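A.B. asks:
Numbering (full-length UniProt numbering), first residue to last: 1 to 597.
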């Protein structure tokens, strides 16, 4: 066999190995890599293939060790059309990303971007009007900028920088606009930025003499379950003095509604929920209809092992620059898109559309435990907003939640074994809260108590809320909104003394006045107009304060303090004003709305 034939044979082996990697046939790929190394030695192509194999098997540290063994190469970019430095830094960055180190991954991928720019500048300058003049054919299409921008955008998203990630992904979408997963990533950037904006709380420091402002940022759902730190948010402020001193309860523990009053088009790529809705719509349009999965045939190869045959027709969904998505990946992606679509529609106040997406999510043939929980929560809230409380209660049964798995149930045992790695256990890149089944069921019970309270069944709401409070233990966390709902119920029932006791217990800093005078008078919640009036007047109102909706999402966010609230509020139906005693004031009732990471 001459040298040209041997080189062509090695090239075919490399292509077959890459096909095995794309179809996750790791055992067959391992045999091919051994053949390549035995025949051609440990060259650069063999090292990258072996590193990719260890990467897919979950042996991340071993993959880094393999990549660090690349032999020295003196070939220029013009001669080969590939930059080993770009490939090396990008691969190292991807490995660190899956090791749960997104910031370190960004560092390496940014280095890959720098090497890519240097490689492109090393090519001869083209003549005017001829962008490819003077360049070898094998260097055409060798610019990896958009693939690298895709990777760095995903790493920034996981690293808690949604605005920077959005800018990177908008560049990648210009080339990979047929990738539904990329449209979902853009929507996640918008949701992440919105969630941080909603959780950016400005708190006036009571101890600082200069009255400095303390800004606290929440980065996940667990923020609302940290009762000790959120107790400060129960009371918004104090007005009056002495026996006329009044406490202003916080009308909202979160700011999840987003109604844009700007005149610009939603199609302008800005990290807003309006643009997120367009991205999610594109993702749904690009996803195929739900179809039964087809299994690949298996034929015995010459060495006696089982090797899956790659079908001539593409069975995966286009997802460039990534490999085509398998049917189970498409099903998981569809569930994520539907969940995010329902979340965005709720935040934008479109309850009808949100209900449609939530019902579609619950009708999926394959559904993870977390998606099932979110589907019921989103459907329940949408029905509450549509004044269908009875239908909403059906979705708030705690027995509907059996598990909190993040993956779909397997359908093909052979595929499961084929995809199974032999190294570190694959875990979600970012944890999601609540992570325990008792906490998830407590969330549903809390929302059930809210539904009872809105319908006017205060005794039943109080009993349900007591069950939620008694379920609190090491394995079960409850949100701070339970305290606000308890205040609401007690004030509705006319138990002002009990309400004061709740404030004393959970906000002891308001038990005495700064001058040592007796404790404050009755708890009152003023209207927006009274809040802007003379603080010495008596605060009385018969208006109802709407229950805000709490959106939970375990994602980091971009800090941008919201402006003053206007009339952009979500209206929920409350009991009539005539059913409330004249001096009783309503406390915000919050439905707990979870959002998947």
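Here a beta-carbon is modelled for each residue, glycine too, at the ideal position from N, C-alpha and C.
What you are looking at is a predicted structure, and each value in this text was computed from that prediction instead of being measured.
Roughly how many whole angstroms lie between the Cα atoms of residue 413 and residue 483?
C.D. replies: Here residue 413 is taken as the residue at index 413 of the chain shown, counted from 1. Here residue 483 is taken as the residue at index 483 of the chain shown, counted from 1. Residue confidence is low: residue 413 scores 48 on pLDDT, short of 50, so the model does not pin down where it sits. Its coordinate-derived value is still stated next. Approximately 47 Å between the Cα atoms of the pair.
A.B. asks: Taking only the alpha-carbon atoms, compute the straight-line gap between residue 233 and residue 144 and give it to the nearest angstrom.
C.D. replies: Taking the chain shown and counting its residues from 1, one reaches residue 233 at position 233. Taking the chain shown and counting its residues from 1, one reaches residue 144 at position 144. Between residue 233 and residue 144, the C-alpha separation is close to 48 Å.
A.B. asks: Among 117, 285, 90, 17, which has the Cα closest to the Cα of residue 104?
C.D. replies: Working through the chain shown from its first residue, we reach residue 104 at position 104. Of 117, 285, 90, 17, the residue nearest in Cα terms is 90.
A.B. asks: In three-state DSSP terms, what is residue 14?
C.D. replies: Within the chain shown, numbered from 1, the residue matching residue 14 stands at position 14. If DSSP states are grouped into helix, strand and coil, residue 14 belongs with the helices.
A.B. asks: Sort 136, 266, 149 by Cα distance to residue 77 and report the nearest one.
C.D. replies: Within the chain shown, the letter at position 77 stands for residue 77. The option with the nearest alpha carbon to residue 77 is 136.
A.B. asks: Please look up how many angstroms separate the CB atoms of residue 361 and residue 339, rounded, as I've assumed it's under 8 Å.
C.D. replies: Residue 361 sits at position 361 when you count from the first residue of the chain shown. Residue 339 sits at position 339 when you count from the first residue of the chain shown. Yes, they are in contact, since the Cβ atoms of residue 361 and residue 339 sit about 6 Å apart, within 8 Å.
A.B. asks: Measuring straight from C-alpha to C-alpha, what distance separates residue 348 and residue 274?
C.D. replies: Walking along the chain shown from the start, residue 348 turns up at place 348. Walking along the chain shown from the start, residue 274 turns up at place 274. Each residue's alpha carbon lies about 8 Å from the other.
A.B. asks: For residue 386, which beta-bridge partners are listed by DSSP?
C.D. replies: Here residue 386 corresponds to residue number 386 of the chain shown, with the count starting at 1. The partner list for residue 386 (beta bridge, DSSP) is empty, contrary to what the question assumes.
A.B. asks: Check whether the stretch 115 to 130 and the stretch 62 to 72 touch, using three or more Cβ-Cβ pairs below 8 Å as the test.
C.D. replies: The stretch 115 to 130 vs the stretch 62 to 72: no contact.
A.B. asks: Can we say the stretch 399 to 406 touches the stretch 434 to 446, given the rule of at least three CB pairs closer than 8 Å?
C.D. replies: Output reads yes: the stretch 434 to 446 touches the stretch 399 to 406.
A.B. asks: To the nearest angstrom, report how far apart residue 270 and residue 190 are at their CA atoms.
C.D. replies: On the chain shown, residue 270 is found 270 positions in, with the first residue counted as 1. On the chain shown, residue 190 is found 190 positions in, with the first residue counted as 1. Their backbone Cα atoms lie some 8 Å apart in a straight line.
A.B. asks: Less than 6 Å between C-beta atoms, sequence neighbours within five positions excluded: which residues of the same chain meet that for residue 477?
C.D. replies: As a position in the chain shown, residue 477 is number 477, starting the count at 1. Excluding positions up to five away in sequence, the list reads 225, 439.
A.B. asks: Under a Cβ-count criterion, where at least 16 other Cβ atoms within 10 Å of its own Cβ denotes burial, should residue 343 be classed as buried or exposed?
C.D. replies: What you label residue 343 is simply residue 343 of the chain shown in a count that begins at 1. Counting Cβ neighbours within 10 Å, residue 343 comes out buried, since at least 16 surround it.
A.B. asks: Among the candidates 48, 287, 375, whose CA atom is the shortest distance from the CA of residue 95?
C.D. replies: Here residue 95 corresponds to residue number 95 of the chain shown, with the count starting at 1. Comparing Cα positions, the closest option is 48.
A.B. asks: Here's the rule: buried if 16 or more other CB atoms are within 10 angstroms of the residue's CB, otherwise exposed. What is residue 83?
C.D. replies: As a position in the chain shown, residue 83 is number 83, starting the count at 1. By the 10 Å Cβ count, residue 83 comes out buried.
A.B. asks: What is the DSSP secondary structure of residue 52, counted as helix, strand or coil?
C.D. replies: The residue labelled residue 52 in the question sits at position 52 within the chain shown. The answer is helix: DSSP assigns residue 52 an H, G or I state.
A.B. asks: Would you give the residue range spanned by the alpha helix (DSSP H) that residue 249 belongs to?
C.D. replies: If you number the chain shown from 1, residue 249 lands on position 249. No alpha helix (DSSP H) contains residue 249, which is instead part of the beta strand (DSSP E) from 246 to 249.
A.B. asks: Could you give the residue range of the alpha helix (DSSP H) that holds residue 462?
C.D. replies: By 1-based counting over the chain shown, the position of residue 462 is 462. Counting along the chain, the alpha helix (DSSP H) containing residue 462 begins and ends at 458 to 470.
A.B. asks: Any idea what DSSP makes of residue 90, helix, strand or coil?
C.D. replies: Position 90 of the chain shown holds residue 90. Correct three-state label for residue 90: helix.
A.B. asks: Give the secondary structure of residue 480 by DSSP, where H, G and I count as helix, E and B as strand, and everything else as coil.
C.D. replies: Taking the chain shown and counting its residues from 1, one reaches residue 480 at position 480. It is coil, neither helix nor strand.
A.B. asks: Expressed to the nearest angstrom, what Euclidean distance is found between the alpha-carbon atoms of residue 490 and residue 480?
C.D. replies: The residue labelled residue 490 in the question sits at position 490 within the chain shown. The residue labelled residue 480 in the question sits at position 480 within the chain shown. Straight-line Cα distance between these residues: approximately 16 Å.
A.B. asks: Count the other CB atoms, across all protein chains shown, that sit within 10 Å of the CB of residue 9; report buried if there are 16 or more and exposed otherwise.
C.D. replies: The residue given as residue 9 occupies position 9 in the chain shown. That one is exposed.
A.B. asks: On the premise that residue 142 lies in contact with residue 81, defined as a C-beta separation below 8 Å, what is that separation, rounded to the nearest angstrom?
C.D. replies: In the chain shown, counting from the first residue as 1, residue 81 sits at position 81. In the chain shown, counting from the first residue as 1, residue 142 sits at position 142. Yes, residue 81 and residue 142 are in contact; Cβ-Cβ is about 5 Å, under 8 Å.
A.B. asks: Within 10 Å of its beta-carbon, does residue 102 have 16 or more other beta-carbons around it, so buried, or fewer, so exposed?
C.D. replies: As a working note, residue 102 is residue 102 in the chain shown. Burial call: buried.
A.B. asks: Expressed to the nearest angstrom, what Euclidean distance is found between the alpha-carbon atoms of residue 390 and residue 462?
C.D. replies: The residue you call residue 390 lines up with position 390 of the chain shown. The residue you call residue 462 lines up with position 462 of the chain shown. Going by the C-alpha atoms only, they are around 18 Å apart.
A.B. asks: Under three-state DSSP, which class holds residue 356?
C.D. replies: By one-based count along the chain shown, residue 356 stands at place 356. It is helical.
A.B. asks: What does the Cβ neighbour count give for residue 203, buried or exposed, with the cut at 16 atoms within 10 Å?
C.D. replies: Counting from 1 along the chain shown, the entry for residue 203 is found at position 203. Model confidence at residue 203 stands at a pLDDT of 38, short of 50, so the residue's coordinates are unreliable; what they give is reported in the following sentence. That one is exposed.
A.B. asks: Between which two residues does the alpha helix (DSSP H) carrying residue 40 extend?
C.D. replies: For the purposes of this step, residue 40 is identified with residue 40 of the chain shown, where counting begins at 1. Where residue 40 is concerned, the enclosing alpha helix (DSSP H) stretches over 26 to 40.
A.B. asks: Keeping to the same chain, check which residues put their C-beta closer than 6 Å to that of residue 3; ignore five residues upstream and five downstream.
C.D. replies: As a first step, residue 3 must be located in the chain shown, where it is residue number 3. Contacts found: none.
A.B. asks: If we ignore side chains and look at the alpha-carbon of each, how far apart do residue 323 and residue 382 end up?
C.D. replies: Taking the first residue of the chain shown as position 1, residue 323 is located at position 323. Taking the first residue of the chain shown as position 1, residue 382 is located at position 382. Spanning the two alpha carbons is a distance of roughly 37 Å.
A.B. asks: Taking C-alpha atoms, which residue in 276, 79, 248 lies nearest to residue 169?
C.D. replies: Position 169 of the chain shown, counted from the first residue, corresponds to residue 169. Measuring from the Cα of residue 169, the nearest candidate turns out to be 276.
A.B. asks: Consult DSSP for residue 374 and reduce its assignment to one of helix, strand or coil.
C.D. replies: Against the chain shown, residue 374 aligns to sequence position 374. DSSP places residue 374 in helix when its eight states are reduced to three.
A.B. asks: Out of 321, 331, 374, which one is the CA nearest neighbour of residue 149?
C.D. replies: Counting from one through the chain shown, the residue named residue 149 turns up at place 149. Nearest of 321, 331, 374 to residue 149, Cα basis: 321.
A.B. asks: With a threshold of 16 other CB atoms inside 10 Å of the CB of residue 132, please say whether the residue is buried or exposed.
C.D. replies: Counting from 1 along the chain shown, the entry for residue 132 is found at position 132. Classification for residue 132: exposed.
A.B. asks: Compute the beta-carbon to beta-carbon distance between residue 467 and residue 445, rounded to the nearest angstrom, for a pair I have assumed lies under 8 Å.
C.D. replies: Along the chain shown, read from residue 1 onward, the residue named residue 467 stands at position 467. Along the chain shown, read from residue 1 onward, the residue named residue 445 stands at position 445. Indeed they touch by this definition, with Cβ atoms about 6 Å apart.
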